[in-house]
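In full-length UniProt numbering, the protein residues as written are 1 to 99. Every residue gets a Cβ at the ideal spot worked out from N, C-alpha and C, and that includes glycine. As the structure is a prediction and not an experimental result, all values here were calculated from the model.
Below is the structure:
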């Protein structure tokens with residue numbers, strides 16, 4: 001018990017303790033902020049990977065569309081419902097099952 005009281009009376013220990021408490025809880029880069037920054041970085045890395053995959057997929061599709069006329073025609077028919085003058089288009093929509 002005497003040792004604990006001596007430790008609490010030591011000004012260097014008190015200053016060090018105050019500094020550690022300040023850095024952990026009150027500083028602008030406290031532990032909670034660091035945790036939030038880490039979460040944000042993880043989220044941004046996931047988004048970056050997703051967009052890189054999407055960019056690669058779109059680049060591949062663009063390359064196919066510019067090189068093959070049949071694929072370009074199929075793309076135009078499916079995505080933009082384009083048709084020739086003597087054709088009719090029927091759009092089939094699947095209904096979702098309600099539980």
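>> What does the alpha-carbon distance come out to for the pair residue 32 and residue 24?
In response: The sequence position of residue 32 within the chain shown is 32, counting from 1. The sequence position of residue 24 within the chain shown is 24, counting from 1. Whole-angstrom Cα-Cα distance: 9 angstroms.
> Along the chain, where does the alpha helix (DSSP H) that runs through residue 5 open and close?
Replying inline: By 1-based counting over the chain shown, the position of residue 5 is 5. Here the alpha helix (DSSP H) through residue 5 covers 2 to 9.
> Is the distance from the Cβ of residue 64 to the Cβ of residue 53 below 9 angstroms?
Replying inline: Counting from one through the chain shown, the residue named residue 64 turns up at place 64. Counting from one through the chain shown, the residue named residue 53 turns up at place 53. No, the Cβ-Cβ distance between residue 64 and residue 53 is not below 9 angstroms.
>> Could you tell me which whole alpha helix (DSSP H) segments of length 4 or greater appear in the segment 5 to 89?
In response: Qualifying alpha helix (DSSP H) stretches, in chain order: 11 to 21, 31 to 67 and 69 to 80.
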